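One line per chain: the protein sequences are C and P, in this order.
Residue numbers for the first sequence follow this note's numbering, so the first one is 59 and each next one is one higher.
Residue numbers for the second sequence follow this note's numbering, so the first one is 59 and each next one is one higher.
The block underneath contains the structure these notes are about, expressed in structure tokens.
2 protein chains.
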Amino acid sequence: MKTKECKIPEATIKRLSTYINCLERLQVENHPVISSELLGEYCQVSPAQIRKDLSYFGEFGVRGVGYDTKKLEAEIKEILGLNNNWPTCVVGVGKLGLALLNFALFRKHGFSITAAFDSDPAKVGTELSAGITIQPTTEIEQTVTGKKILIGIITTPADAAQKVAEQLVAGGIQGLLNFAPTKVKVPEEITLRNVSITSELDNLAYLMTQKRRRS
Amino acid sequence: MKTKECKIPEATIKRLSTYINCLERLQVENHPVISSELLGEYCQVSPAQIRKDLSYFGEFGVRGVGYDTKKLEAEIKEILGLNNNWPTCVVGVGKLGLALLNFALFRKHGFSITAAFDSDPAKVGTELSAGITIQPTTEIEQTVTGKKILIGIITTPADAAQKVAEQLVAGGIQGLLNFAPTKVKVPEEITLRNVSITSELDNLAYLMTQKRRRS
DNA sequence: TGGTGTGAACAACTTCACAGCG
DNA sequence: CGCTGTGAAGTTGTTCACACCA
Chain C
59 MKTKECKIPE ATIKRLSTYI NCLERLQVEN HPVISSELLG EYCQVSPAQI RKDLSYFGEF
119 GVRGVGYDTK KLEAEIKEIL GLNNNWPTCV VGVGKLGLAL LNFALFRKHG FSITAAFDSD
179 PAKVGTELSA GITIQPTTEI EQTVTGKKIL IGIITTPADA AQKVAEQLVA GGIQGLLNFA
239 PTKVKVPEEI TLRNVSITSE LDNLAYLMTQ KRRRS
Chain P
59 MKTKECKIPE ATIKRLSTYI NCLERLQVEN HPVISSELLG EYCQVSPAQI RKDLSYFGEF
119 GVRGVGYDTK KLEAEIKEIL GLNNNWPTCV VGVGKLGLAL LNFALFRKHG FSITAAFDSD
179 PAKVGTELSA GITIQPTTEI EQTVTGKKIL IGIITTPADA AQKVAEQLVA GGIQGLLNFA
239 PTKVKVPEEI TLRNVSITSE LDNLAYLMTQ KRRRS
């Protein structure tokens with residue numbers, strides 16, 4: 059056992075998240091116990107990789123048997139901090155913003171969206187599900203502070219992203235997930251992830267072009 | 059010069075995509091030429107990394123000066139294969155699907171969405187912008203074949219994703235981008251990328267939990 | 001016996017440091 | 001003189017192979 063809580067590869071964290079999804083599916087399909095071999099097949103990761111990933115955090119398996127799916131899922135959620143409740147808000151209620159607001163999996167992972175903002179006066183005042191009403195972006199700072207919101211999801215157009223990020227920071231946000239197609243800059247005490255949807259497609263185009271050129 | 063077209067790190071490809079975005083912004087902001095130093099600041103990548111990334115594909119800069127922003131953008135687009143026209147379709151016209159259908163940046167990168175499918179009879183027949191009408195998922199195979207669609211974007215719920223993937227493959231698709239929160243499996247000649255939105259948030263939660271525990 | 005946990009070998013990626021050129 | 005292009009050094013992440021234990 060090591061349980062050294064530092065120097066964990068970022069890639070490991072990314073995979074932990076996919077293990078959760080697979081473990082949920084495995085429970086539904088009535089697998090109370092699973093080996094790293096089979097789990098690897100399910101989530102397309104090598105068995106050695108899975109064992110290594112888990113070994114950073116402790117010993118969760120039983121030798122000669124495997125892992126208890128339910129227990130392991132709970133352990134990973136604990137590791138990732140998904141057992142907390144994370145008050146979250148969305149800025150930019152376009153199609154993408156709405157998609158995220160309605161995304162059931164978020165709630166299951168501990169993220170509860172408690173506010174939504176948009177700069178369009180026509181949208182402001184619209185009641186979304188569960189008592190959330192779209193507020194104007196001018197109220198970002200005070201609402202984030204008042205509701206103690208910790209995570210902000212930015213789904214605005216590129217040109218609004220930086221300003222919105224600054225408003226969220228001013229309100230005391232601790233983490234930001236930015237879907238706008240431009241990178242935003244925030245003070246380094248804020249945890250930030252820039253997600254680029256286009257780059258995924260670009261990547262696909264590159265791989266396909268390679269295959270085409272090779273043949 | 060090397061121009062060895064193999065063994066390019068996947069991370070490099072991901073970054074090329076972000077360079078394009080920055081270069082576009084730089085042109086708007088009237089920078090005809092840029093050094094790796096400054097470009098690095100813009101897209102939050104080290105200057106050495108940028109030079110190394112580009113050196114895999116050729117020599118695009120002028121020593122003592124820097125890179126021509128416009129030319130470099132064009133070169134990178136060529137490298138990624140974004141100067142082709144990629145006929146693309148979307149399966150699953152929920153909020154996320156609609157967001158992608160309306161995403162202007164896709165067209166700029168050469169992806170033209172030419173069909174949309176949904177299993178909900180209430181949605182079938184709805185005309186989206188530019189002459190695209192939502193078709194039933196039963197027509198996936200024949201439409202993909204008929205319109206010679208090369209890329210499929212899956213934005214269905216998890217339980218429909220695998221079946222949809224198989225229908226797209228049957229129609230002759232060459233690349234798949236899967237947004238459904240489950241991994242799909244396809245023959246290995248198909249280029250596949252699974253995108254997990256939840257895992258981005260999970261990642262954020264982990265990083266924030268770490269910070270909290272440390273302090 | 002069978003599958004985990006893990007150090008040690010290996011592979012991939014990033015940074016350094018400086019030669020080379022406009 | 002300044003900034004690119006790049007081998008070589010350093011760092012980070014993955015796979016191997018086997019000890020160990022239910």
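Glycine included, C-beta positions come from ideal geometry on N, C-alpha and C.
Computed from a prediction, not measured in an experiment: that's the story for all the values here.
Exercise. Enumerate in chain order the residues of its own chain whose CB-to-CB distance from C:G168 is below 7 Å, with the five nearest sequence positions on each side excluded.
Key: Translated into the one-based positions of the first sequence, residue 168 of chain C becomes position 110. Excluding residues within five positions, the ones whose Cβ falls inside 7 Å are L140, N141, N142, N143 and W144.
Quiz item: Which residues mark the beginning and the end of the alpha helix (DSSP H) in which C:A162 is found?
Solution: The residue labelled residue 162 of chain C in the question sits at position 104 within the first sequence. Its alpha helix (DSSP H) spans residues A162 to K166.
Quiz item: Would C:D163 pass as a contact of P:T256 if the rule is Cβ separation under 8 Å?
Solution: On the first sequence, residue 163 of chain C is found 105 positions in, with the first residue counted as 1. On the second sequence, residue 256 of chain P is found 198 positions in, with the first residue counted as 1. For the sequence presented, residue 163 of chain C should be read as Leu rather than Asp. A contact, by the Cβ cut-off of 8 Å.
Quiz item: Which residues share a DSSP beta bridge with C:D126?
Solution: As a working note, residue 126 of chain C is residue 68 in the first sequence. Paired residues: C:V91.
Quiz item: With respect to the alpha helix (DSSP H) encompassing P:K105, which residues constitute its N-terminal and C-terminal limits?
Solution: Here residue 105 of chain P is taken as the residue at index 47 of the second sequence, counted from 1. In the sequence on display, residue 105 of chain P carries Pro and not Lys. Where P:P105 is concerned, the enclosing alpha helix (DSSP H) stretches over P105 to S113.
Quiz item: Short check: CB of P:C147 to CB of P:A173, under 8 Å?
Solution: Start at 1 with the first residue of the second sequence, and residue 147 of chain P comes out as number 89. Start at 1 with the first residue of the second sequence, and residue 173 of chain P comes out as number 115. It is a contact, given that the beta carbons lie within the stated cut-off.
Quiz item: Between P:K62 and P:Q107, what straight-line distance do the alpha-carbon atoms span, to the nearest angstrom?
Solution: Indexing the second sequence from 1 puts residue 62 of chain P at position 4. Indexing the second sequence from 1 puts residue 107 of chain P at position 49. With a pLDDT of only 45 at P:K62, under the threshold of 50, the placement of this residue in the model should not be trusted; the figure read from the coordinates follows. If I take the Cα positions, the gap works out to 18 Å.
Exercise. Please confirm if C:L81 has its CB atom under 8 Å from at least one CB of chain P.
Key: Taking the first sequence and counting its residues from 1, one reaches residue 81 of chain C at position 23. Closer than 8 Å: no.
Quiz item: What three-state label does DSSP hand P:G233 in the structure shown?
Solution: Position 175 of the second sequence holds residue 233 of chain P. Three-state DSSP puts P:G233 in a strand.
Quiz item: Would you call the CB atoms of C:K234 and P:A263 closer than 8 Å?
Solution: Taking the first sequence and counting its residues from 1, the one referred to as residue 234 of chain C is at position 176. Taking the second sequence and counting its residues from 1, the one referred to as residue 263 of chain P is at position 205. Reading off the sequence shown, one finds Leu at residue 234 of chain C, where the question assumed Lys. Not closer than 8 Å, so no.
Exercise. Run through the stretch 181 to 209 of chain C for me and flag every whole alpha helix (DSSP H) of 4 or more residues, listed as ranges in chain order.
Key: 198 to 204
Quiz item: Closest Cβ-Cβ distance between P:L315 and chain C: below 8 Å?
Solution: No statement about residue 315 of chain P is possible, as the shown extent of chain P runs from 59 to 273 and does not include it.
Quiz prompt | Test: P:E117 CB closer than 8 Å to a CB of chain C | solution = Counted from its first residue, the second sequence places residue 117 of chain P at position 59. So no, P:E117 is outside the interface.
Quiz item: Secondary structure at P:L140, three-state DSSP: helix, strand or coil?
Solution: For the purposes of this step, residue 140 of chain P is identified with residue 82 of the second sequence, where counting begins at 1. Coil.
Quiz item: Taking any Cβ of chain C, which residues in the stretch 223 to 253 of chain P have a Cβ under 7 Å from it, in chain order?
Solution: Q232, G233, L235, P239, T240, K241, T249, R251 and V253
Quiz item: Quick one: what's got a C-beta closer than 7 Å to P:G152's C-beta in the same chain, skipping five residues either side?
Solution: Numbered from 1 along the second sequence, position 94 holds the residue referred to as residue 152 of chain P. The answer, listed in chain order, is T213.
Quiz item: For the stretch 145 to 156 of chain C, which residues have a beta carbon sitting closer than 9 Å to at least one beta carbon of chain P?
Solution: T146, G152, K153, L154, G155 and L156
Self-check item: Which residues DSSP lists as bridging P:S170, in chain order
Solution: Within the second sequence, residue 170 of chain P is the residue found at index 112, counting from 1. Looking at the DSSP assignment, P:S170 forms a beta bridge with P:P145.
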